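Heads up, the thing below is written out as structure tokens.
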Amino acid sequence: MPWIQVKLNATSENAEQISDMLMEETGALSVTFLDAKDVPIFEPLPGETRLWGETDIVALYDAETDMDLVIAQLKASTVLDDNFAYKVEQLEDKDWEREWMDNFHPMKFGERLWICPSWREIPEPDAVNVMLDPGLAFGTGTHATTALCLEWLESIDLKGKTVIDFGCGSGILAIAAIKLGAAKVVGIDIDPQAITASKDNAARNGVADQLELFLPQDQPENLVADVVVANILAAPLRELSSIITAHVAPGGVLAMSGVLDTQANDVASYYADNFTLDAIAEQQEWCRISGIKK
1 MPWIQVKLNA TSENAEQISD MLMEETGALS VTFLDAKDVP IFEPLPGETR
51 LWGETDIVAL YDAETDMDLV IAQLKASTVL DDNFAYKVEQ LEDKDWEREW
101 MDNFHPMKFG ERLWICPSWR EIPEPDAVNV MLDPGLAFGT GTHATTALCL
151 EWLESIDLKG KTVIDFGCGS GILAIAAIKL GAAKVVGIDI DPQAITASKD
201 NAARNGVADQ LELFLPQDQP ENLVADVVVA NILAAPLREL SSIITAHVAP
251 GGVLAMSGVL DTQANDVASY YADNFTLDAI AEQQEWCRIS GIKK
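With the UniProt record's numbering applied, the sequence shown covers 1 to 294.
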């Protein structure tokens, strides 16, 4: 079935009101917020939904909708200015699921590590292959921070090592560590959905028996590993620096990402006393901080 979409410009102040009006009064099937000016938003507070200063709103309707009536309702609304701009477009009928799947391809990290969606053929069967499908809101390797951590894990000797994935999300780093030779891996996350996602992905990759998963309040005391990787954000890397440091065994190694290039030196300063730090690695505007514990 073909669709019709209406695109309008909004602000962070009125976007939610416009969205409610589109859904409740005009019969929109879905409403999507898009960044009108390509301005990133980083680290919202817990429970906060932060929008861009200029936000495009896209509302989707079925092809039978009377769009003249919809536009008349928009013009009569008190939420929008009298001379608001809008654009109506007819969308061709597509297999949206297939189109979405076509956007995901196997990705290589370093010399031997691949992250592969389950519906794609494995490019190198003899390489280290992690099967991971996009889902929930956790990493699949497409983001620069995940890529930086995967490349780091692939570059070090993990054979027989213990690893902690601090903020495990999908479990992608933990699973990669196991497949790269780690003897035992622990994943920690504050989100129960992340624990579920990691558990499911580990089972799909046949490594569930080598991965232990904990919410922070449930993890064992004095948990220490040879290798710790933390792909979270700058604020928790600062706030939890003493906890993260304590997880790394003497002589062990640590890698952290989720840090912008403008934040990297500040975050690194929280670890400089306890680690001999490597040069900061950058990809796009994101950084990886790594080092050996003194």
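Beta carbons are placed, not taken as given, at the ideal position from N, Cα and C, and that holds for glycine.
Nothing here was measured: the structure is a model prediction, and the numbers come from that model.
- In the three-state DSSP reduction, I156 falls in the coil class, being neither helix nor strand.
- Comparing alpha-carbon positions, the option among D56, F104, T26 lying closest to L69 turns out to be T26.
- Within the same chain, Cβ atoms closer than 6 Å to the Cβ of T245 are found at N274, the five residues on either side in sequence being excluded.
- By the CB criterion at 8 Å, A234 and Q193 fall outside the cutoff.
- Contact annotation: I178 and V228 have beta-carbon atoms that are not nearer than 8 Å.
- Beta-carbon to beta-carbon, T11 and T78 are separated by about 15 Å, too far to satisfy the 8 Å threshold.
- For I164, the enclosing beta strand (DSSP E) has its first and last residue at 162-166.
- Counting of Cβ neighbours within 10 angstroms places K87 among the exposed residues, the total staying below 16.
- Here P250 carries a strand assignment [DSSP, helix/strand/coil].
- Here S269 is not near D278, since their CB atoms are 8 Å or more apart.
- Look at R120 here: in three-state DSSP terms it is coil, with no helix or strand label.
- E285 and L237 have their C-alpha atoms roughly 17 Å apart.
- Annotation: the segment 250-289 contains the following complete segments of the beta strand (DSSP E) (minimum length 3 residues), in chain order: 275-277, 281-283.
- Counting C-beta pairs with one atom in each stretch, the segment 194-213 and the segment 145-155 have fewer than three that are closer than 8 Å, which means they do not touch.
- Taken in chain order, the complete alpha helix (DSSP H) segments of 4 or more residues contained in the segment 159-217 are 172-179, 192-204.
- Taking C-alpha positions only, K7 is separated from T32 by approximately 9 Å.
- Per DSSP, reduced to three states, the secondary structure at T65 is coil, with no helix or strand assignment.
- DSSP, read as helix, strand or coil, puts T146 in helix.
- Taking the Cα of I292 as reference, the smallest distance to any Cα among L158, L91, N222, L254 is reached at L254.
- A straight line joining the alpha-carbon of S118 with that of R288 spans about 28 Å.
- Sequence-distant partners of E212 (beyond 5 residues in either direction) whose C-beta falls short of 8 Å from its own C-beta, in its chain, are K184, V185, V186, G187.
- In this structure, the beta-carbon distance from R112 to E151 does not fall below 8 Å.
- Restricting attention to W114, R120, P250, the CA atom closest to the CA of N129 is found in W114.
- K75 carries a helical assignment under DSSP once its states are collapsed to helix, strand and coil.
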